[in-house]
């Protein structure tokens, strides 16, 4: 049996997809149709060049589609229906006999009708497409052979000499060749659309740099139209002067002829690309004839008339004389001549600028551009060498300046004396009208038939002007279609089968006329040099950047380029920019910087897979890996938050609260735990990320499916993050409905807090009076006619499942991105109160012998100190505290507080909190409670808030501090001891003159804890009533069994054990109501209990009684045993 043949059906760069052409016949099984069958395996082994090639897969039992070009193309041929490959969802869930439908191409109207009707398909207009010769090479050569070749190259040769002129030409060729290699690489990296240079740069470097180049390159081409038209007008004016015809004056004649010329060219461009291409072919033929005429003229013997104008045919001494430079004029220099010549080399982008009109841009652009550079460079070198070998720099043009008519007393100076001509008089006076340095029409004089040179000048100038006139609108149209800048969308509209930018033509026409009115070629040429050099620099840099980022998407088929040559081209282009005209280069760079800043600020909704994105990924990956090698330090601690928001738009206040202290500071991840059957929650990740970006929240979004909230939250805590970028703080909203929800959910909610501590993460619980969850349920309906086939199929399946389970199609929606929360509003001069509590989280057992004050019971809140103006002040309604250690009764009062302020050198305008002893006593868990409020005050909305820190003092702590004062040097007479070291700056508000209550502290004396009000106690008991165990007369075994079945229930023993702690929470609520009812935010230490010892209902009752009926939001915060603040400098 013959080996089956394979045919290449698609090629993507170096990758090719081949299809099996023949296969062995397969007998249909019983019950099957005998019609056409899908491809089947074609034998056990198929060899190709000595290797084995496995048979294609069996398609009998699947609707898998063979690889097809239409699956990957964004558009299809006119009259053909667009094919779409089935998705994994369709492949995995398709039923027997289901056929995947073809999706019509939205860009082709009634594509199915045209497929059925051949006449309708034939009637679809095909756009004009060009090959690499007429579309790229000829166009580039015509644009390079412009006005500079005929009218300025001989003059530049006279100024710089043949040697430096060749150097100028070769330098220009070097820049353009390297740029041509970069263009070839970029254009063969994928399908190139309309937009030319702008398309290449923007899709490689992104809109930030692509947008400015689109503006500059469009403007440069519009100015180039004026340059070439002015060159044409100069030639026409010189012809008129030969016949003594003057319309007004020489300058205005150039303006009149230029305006008329550009109007005619405008008409040709508006006629369409087909007519423009035909005109270019005619111009190319005329230029080639003019070249032949010129080179033939250099071989002809010189006539007496030509000798008087400085032409003597090929002479070795003339070549040597013209080999070196002869600068004339103040502005004459090497780089001055380079700036005038370089615009002639800028035509290499003429083919790329019409990339949308080429048959195969990936083949046409490299081949046509590089060949055009090669042939035009040879022609420039040949013209410069030949004309420098035949013509003198200065000649009078007078037939009377032969040596036969020379005054006997005069001396003959110059090379013309060797050939019988004396041009000394005009050379010394600078009045010579002919010669390389004086006559712009030298090539016409040298040629065999001067009208052909004039025709060549007309063809070169008009073809270059026409190419620029076509390029500028097309590049600008592509820029306008991307809508990167405002007020330019008007020019995006196209007309006709080629999508001609008629509005862009009109704008280019106006700009060209404005520069034609300058009427000075040597002034216009340097203006556009910097624009083109800047474009070349960015083209080379884009190729270099795409290479070094190692992006898998960068795979050009053109291999004759190097990243280092591209970098060299970029650097040399920038250097030449500043060497030509430094002030013009600064203007160009300034325009680019302003444009880049605007696009970066606006962040247009485009994604082109640029190399900047690839570079960002490389940098992020590199830094993330290197960060794992660095040990954590307390000075670099950042609260990296995992926020259990669910869908972020369900709890916008929680998102805004965390974003207020993490944006630009640390990591934020919004986590969502979805049920396994909740498919939309998993698929809506992009929508949630867009919602976060619209609110300018810098956060990641992570979704996980789990059977319950606790298991999902624990999984998020364990797997979220990357390396050192892992959450160290879990933020969740307060469970507002804990009293009405099921007890199991209550138990899971409290367990999440314990799980966070198990994962060594801090916890923050936010409660707001009006609640955090703003989601609502609505009845949803989506019209399948506005979706594609796959989306419609998925929506119909979801609708059936939803209707079967709930009886109706409903949808839960959240807040829109414009909803404003409290944390987005300006807080003005409100207070931000921090209650920094010294509780130990349960029944305290000391490892050392306990004092009679604390043995076997909780340490109560004995009194509060309010840190204001850098001094410790008793909070309102707090019990009378003891005198600080080291202060006698006579030292207490206002004088003592004044000593505190003087000792700490604190100003009354902005206080600085010194935190040595309190940090030491609080341990590492409390410092996060101070850090987050400080980070909030760095935001503009919170910067004017006054931070007040309430500290609860313990009698036992005071006694221990007096016996063993830790912390080093402290200020005598202050309690708690105040350090001399680091200070945390917090803006405070003075509520009254600071003073200390006098009083003594004896060893056997204690100030009793404040008792709660009866009404508050009754309210607390009502909260616990539904969750009481009510063990009554039950035996202990039955009570234990009941506790295992319902661990959230509260027993009498639990109430007795936690009696003091419950009274503490009740009293704290009253203090919050009295001191912080008008604050912007209350931050309080989160109560912590031993795991499994405290029922979840009792724990939630504490949080409820603490935060009930509070107008400001309250955040319960507890650290994770990790240093968050330090008073050391290292």
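Numbering (the working numbering), first residue to last: 16 to 1145.
All C-beta atoms in this analysis are idealised placements derived from N, C-alpha and C, irrespective of residue type, glycine included.
Every value quoted in this text rests on a predicted model; they were computed, and no experiment measured them.
**Message:** Measuring alpha carbon to alpha carbon, tell me which residue in 478, 475 and 1096 is nearest residue 784.
**Reply:** 1096
**Asked** Apart from the five residues just before and just after residue 211, which ones in its own chain have a Cβ nearer than 7 Å to its Cβ?
**Response** 364, 367, 368, 369, 370, 486, 489 and 490
**Message:** Does residue 1098 come out as helix, strand or coil in the three-state DSSP assignment?
**Reply:** DSSP places residue 1098 in strand when its eight states are reduced to three.
**Request:** Would you check if there are 3 or more beta carbon pairs closer than 8 Å linking the region 1113-1122 to the region 1067-1079?
**Result:** yes
**Item:** Status (buried if at least 16 other CB within 10 Å, exposed otherwise) for residue 176
**Value:** buried
**Asked** Where do the N-terminal and C-terminal ends of the alpha helix (DSSP H) with residue 242 fall, by residue?
**Response** 222-257
**Item:** Host alpha helix (DSSP H) of residue 687 (start-end)
**Value:** First-last for residue 687: 683-689, but that is the beta strand (DSSP E), not the alpha helix (DSSP H).
**Prompt:** When the Cα atoms are used, what is the spatial distance from residue 478 to residue 319?
**Reply:** 35 Å
**Request:** For the alpha helix (DSSP H) containing residue 765, list its first residue and its last residue.
**Result:** 758-773
**Request:** With a threshold of 16 other CB atoms inside 10 Å of the CB of residue 1073, please say whether the residue is buried or exposed.
**Result:** buried
**Message:** Could you check whether residue 252 and residue 269 sit closer than 8 Å to each other, using their CB atoms as the reference points?
**Reply:** The answer is yes: Cβ separation under 8 Å.
**Request:** With DSSP collapsed to three states, give me the class of residue 848.
**Result:** DSSP places residue 848 in strand when its eight states are reduced to three.
**Request:** May I ask you to report which of helix, strand or coil DSSP gives residue 154?
**Result:** helix
**Prompt:** Among 947, 644 and 1064, which has the Cα closest to the Cα of residue 1140?
**Reply:** 947
**Message:** Tell me whether the region 234-242 and the region 522-542 touch, counting them as touching only if at least three CB pairs, one residue from each stretch, are closer than 8 Å.
**Reply:** yes
**Message:** Am I right that residue 145 and residue 292 are in contact with their C-beta atoms under 8 Å? What's the rounded C-beta distance?
**Reply:** For a cut-off of 8 Å, the C-beta gap from residue 145 to residue 292 is around 6 Å, short enough to register as a contact.
**C-alpha distance - residue 554 paired with residue 686, whole-angstrom precision** = Roughly 42 Å separates the two Cα atoms.
**Request:** Could you check which residue in 752, 199, 615 and 642 has the C-alpha nearest to that of residue 571?
**Result:** 199
**Request:** Compute the distance between the beta-carbons of residue 1094 and residue 846, then report whether it is under 8 Å.
**Result:** yes
**Request:** Given a cut-off of 8 Å, decide if residue 732 and residue 771 are closer than it, judged by their beta-carbon atoms.
**Result:** yes
**Item:** Inter-residue Cα distance where the pair is residue 621 and residue 707
**Value:** 17 Å
**Prompt:** By Cβ distance below 7 Å, which residues in the same chain neighbour residue 668 in space, the five residues on each side in sequence not counted?
**Reply:** 783, 787, 836, 837 and 838
**Item:** Distance, residue 1098 Cα to residue 1125 Cα
**Value:** 12 Å
**Item:** Short Cβ contact (8 Å threshold) for residue 457 with residue 159
**Value:** Taking 8 Å as the Cβ cut-off, residue 457 and residue 159 do not qualify as a contacting pair.
**Asked** Run through DSSP, which three-state label would residue 366 get?
**Response** coil
**Message:** Between the alpha carbons of residue 340 and residue 515, how many angstroms are there, rounded?
**Reply:** 47 Å
**Exposure label - residue 352; buried when at least 16 CB within 10 Å** = buried
**Asked** Per DSSP, which one or two residues make a beta bridge with residue 515?
**Response** Looking at the DSSP assignment, residue 515 forms a beta bridge with 510.
**Asked** Is DSSP giving residue 657 helix, strand or coil here?
**Response** strand
**Message:** Would residue 404 and residue 506 be called neighbours here (beta carbons separated by less than 8 Å)?
**Reply:** No, Cβ-Cβ distance for residue 404 and residue 506 is not below 8 Å.
**Request:** Determine, using beta-carbon pairs with one atom in the region 540-550 and one in the region 169-188, whether at least three such pairs fall under 8 Å.
**Result:** no
**Asked** Which first and last residues belong to the beta strand (DSSP E) in which residue 395 is found?
**Response** Premise fails: residue 395 lies in the alpha helix (DSSP H), 376-405, not in any beta strand (DSSP E).
**Request:** Report yes if the C-beta distance between residue 735 and residue 657 is below 8 Å; otherwise report no.
**Result:** Taking the C-beta atoms as reference points, residue 657 is found nearer than 8 Å to residue 735.
**Request:** Starting from the C-beta of residue 691, find all residues in its chain whose C-beta is less than 8 Å away, skip the five residues before and the five after it, and write them out in chain order.
**Result:** 720, 721 and 722
**Asked** Is the CB of residue 431 under 8 Å away from at least one CB in chain C?
**Response** Note that chain C does not occur in the displayed structure, where there is just one protein chain.
**Prompt:** Considering only C-alpha positions, which residue in the set 850, 1064, 1086 and 234 is nearest to residue 520?
**Reply:** 234
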